[in-house]
Amino acid sequence: MSKGFKLLRLDYLFSVLIPCLLAIYLNSYDLKSNIWLLAGFAFYAITGNTLNDVIDMTDPNEKETLERVEGYGRKEILVLSIASFIIGTACFMNSIIINPLLAVYLALIVFLVIFYCLFKSLVIINHVILGVSHIVLPWFMIKINA
Numbered sequence: 000m001s002k003g004f005k006l007l008r009l010d011y012l013f014s015v016l017i018p019c020l021l022a023i024y025l026n027s028y029d030l031k032s033n034i035w036l037l038a039g040f041a042f043y044a045i046t047g048n049t050l051n052d053v054i055d056m057t058d059p060n061e062k063e064t065l066e067r068v069e070g071y072g073r074k075e076i077l078v079l080s081i082a083s084f085i086i087g088t089a090c091f092m093n094s095i096i097i098n099p100l101l102a103v104y105l106a107l108i109v110f111l112v113i114f115y116c117l118f119k120s121l122v123i124i125n126h127v128i129l130g131v132s133h134i135v136l137p138w139f140m141i142k143i144n145a
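So the sequence shown is numbered by numbering that gives the first Met the number 0: it starts at 0 and just counts up by one.
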């Protein structure tokens, strides 16, 4: 895998998409009607990863992050994050127009992920935040979208 793909940390998509796929499967929803939500969550996962890397680049103790982003500047990674956020938001737009409540859930997810990125030292609280933002809220979004 090239270094650019490692920068996106696509292996992390598993932890974001599996709860969504479980919500679709366990409730017997149609995968096609939720494909745009899944795409949006995939792009938001890339956004979260790259935003996290931008923040971690300032910490010299984050050796794994520094190795992964070697050769890239903070602005370049931030541009990836912003572009992924815009594409992800575009994927969600159709569902949000139909049901505006999804925008509230999405805004809450974005806030929780940014909170996690900024305050990683609050370990137990952040595990709860990640559970809510990666499992509970996407589950509700899929149920509302169905």
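Positions of the beta carbon are idealized from the N, C-alpha and C atoms, including for glycine. Given the structure is predicted, the values throughout are model-derived calculations rather than measurements.
When DSSP labels each residue in this structure, what does G72 get in the three-state scheme? coil
Using only the alpha-carbon positions, how far apart do I143 and L101 sit? 8 angstroms
Tell me which residues share the same chain as G87 and place their Cβ nearer than 7 angstroms to its Cβ, disregarding the 5 neighbours each side in the sequence. G39, F42, Y43, T46
Helix, strand or coil: how does DSSP classify M58 here? The sequence shown places Asp at residue 58, not Met. Coil, per DSSP.
Alpha-carbon to alpha-carbon, I17 and L129: 14 angstroms
Neighbourhood of T64 by C-beta distance below 6 angstroms, restricted to the same chain and skipping five residues each side: D52, D55
Please work out which residues of its chain come closer than 7 angstroms, Cβ to Cβ, to L30, disregarding the five sequence neighbours upstream and downstream, and give them in chain order. I23
Straight-line CA distance for I95 to V112? 20 angstroms
For E69 and S27, what's the separation of their Cα atoms in angstroms? 44 angstroms
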